[in-house]
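Peer 1: For what it's worth, full-length UniProt numbering labels the leading residue of the sequence shown as 1, then goes sequentially.
Cβ coordinates follow ideal geometry from the N, Cα and C atoms, glycine included.
No experiment lies behind these values; they were computed from the predicted model shown.
Structure incoming, see below.
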Amino acid sequence: MTLEVLRKKVLKVDRLCVQLAQYDGLAIAFSGGVDSVFLAYVASNILGEKAVALTVETPYMAKWEIQESEELATFIGISYTRIQLPLHPSLMNNPSDRCYLCKKILFNQLMASAKNMGIKNLADGSNADDTKDYRPGMRALTELGVKSPLLESGITKTEIREWSKALGLKTWNKPAYACLLTRLPYDMPVELNALEMIEKGEKFFHNLGYKAVRVRKHGDLARIEIDPDRITDLIQNDSIGRIVENFKAFGFKHVTLDLQGYVMGSFNSDLMKGAPNESNGN
């Protein structure tokens, strides 16, 4: 299905296209996730060369995800720029407000890069479902004046997946992903080798066919979270020994499987005692 056909069938999509057409130029914060890919695809079709995709590369973002974002931008046919940033001093100890601080740092840089390209407007892929939880990162975007066309058009995550599939976008069923800082306890020094260990561990599981996986690092212990429905499969197959062997090669001394399975933001339990809807990442 083409965007034009989908636009005629779905009012929200038409509303989004009309909104995007009002911009003289638009830079899109492009993570390669389902939301930003859908937004970039629509914007590219509506604005042509006046739409650009910008990706920030930091030490706490998985290398495979950065590479995939570039491949997806090429697939869409949108102009793509990668911006490299070091670990900012304010994030060195993984503070509890890291999502707010990180968004402020990254989007300030994205806005500066867009301005250098002669583009005044910067957009992100926030959708209507993102208003249901407390998300400190969204507060930073509001303060900076970042546009959120999907949210403003009332488009939900389920709709984005459905329409992405109809348009032939590879990301329609891509699992949610979050930066590697969410795999570490709060208020502890962030070590670059720890981020590399976590990335290697999660990539190992991806290669085994487990897409929804988190490797939480507690000192020299790896706590592995996978989809609860797949825990039995993992235990019953012959991968356990290979998992332990590889994780020890990555630098972990102890390897555990969390029997509760993957839980979004499992390091947030202490923070959430006074704010049950708070979400600081995955």
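Helix, strand or coil: which one does DSSP assign to Glu191?
Peer 2: The answer is coil: DSSP assigns Glu191 none of H, G, I, E or B.
Peer 1: Tell me whether Leu54 sits in a helix, a strand or coil according to DSSP, three-state version.
Peer 2: Correct three-state label for Leu54: strand.
Peer 1: Answer yes or no: do Val190 and Leu106 have a C-beta to C-beta separation smaller than 8 Å?
Peer 2: No, the Cβ-Cβ distance between Val190 and Leu106 is not below 8 Å.
Peer 1: For Asn108, which residues of its own chain have a beta-carbon under 8 Å away from its beta-carbon, when the five flanking residues on both sides are left out?
Peer 2: Result list for Asn108: Leu144, in chain order.
Peer 1: Pull up the distance between the alpha-carbon of Asp35 and that of Gly137, whole angstroms please.
Peer 2: So the two alpha carbons sit approximately 16 Å from each other.
Peer 1: Following the continuous beta strand (DSSP E) through Tyr80, name the residue where it begins and the one where it ends.
Peer 2: It spans Ser79 to Gln84 - the beta strand (DSSP E) in which Tyr80 sits, taken as one unbroken run.
Peer 1: In terms of DSSP beta bridges, what is Glu225 paired with?
Peer 2: BP columns for Glu225 point to Arg214.
Peer 1: I'd like to check one pair, Leu167 with Leu3: are the Cβ atoms closer than 8 Å?
Peer 2: A contact, by the Cβ cut-off of 8 Å.
Peer 1: Is the region 73 to 87 in contact with the region 45 to 53, if contact means three or more CB pairs nearer than 8 Å?
Peer 2: Output reads yes: the region 45 to 53 touches the region 73 to 87.
Peer 1: For Val13, I'd like the list of residues in its chain whose CB is within less than 6 Å of its CB, leaving aside the five on either flank, ordered along the chain.
Peer 2: Excluding residues within five positions, the ones whose Cβ falls inside 6 Å are Leu6 and Arg7.
Peer 1: So what does Ile28 bridge to, in DSSP terms?
Peer 2: Partner(s): Ala53 and Ala123.
Peer 1: What distance in whole Å lies between the Cβ atoms of Ala222 and Val255, which are believed to be in contact at a cut-off of 8 Å?
Peer 2: About 5 Å; that satisfies the 8 Å criterion.
Peer 1: Determine, using beta-carbon pairs with one atom in the region 213 to 220 and one in the region 116 to 134, whether at least three such pairs fall under 8 Å.
Peer 2: No, the region 213 to 220 is not in contact with the region 116 to 134.
Peer 1: Rounded to whole angstroms, what is the Cα-Cα separation between Tyr60 and Gln84?
Peer 2: Whole-angstrom Cα-Cα distance: 11 Å.
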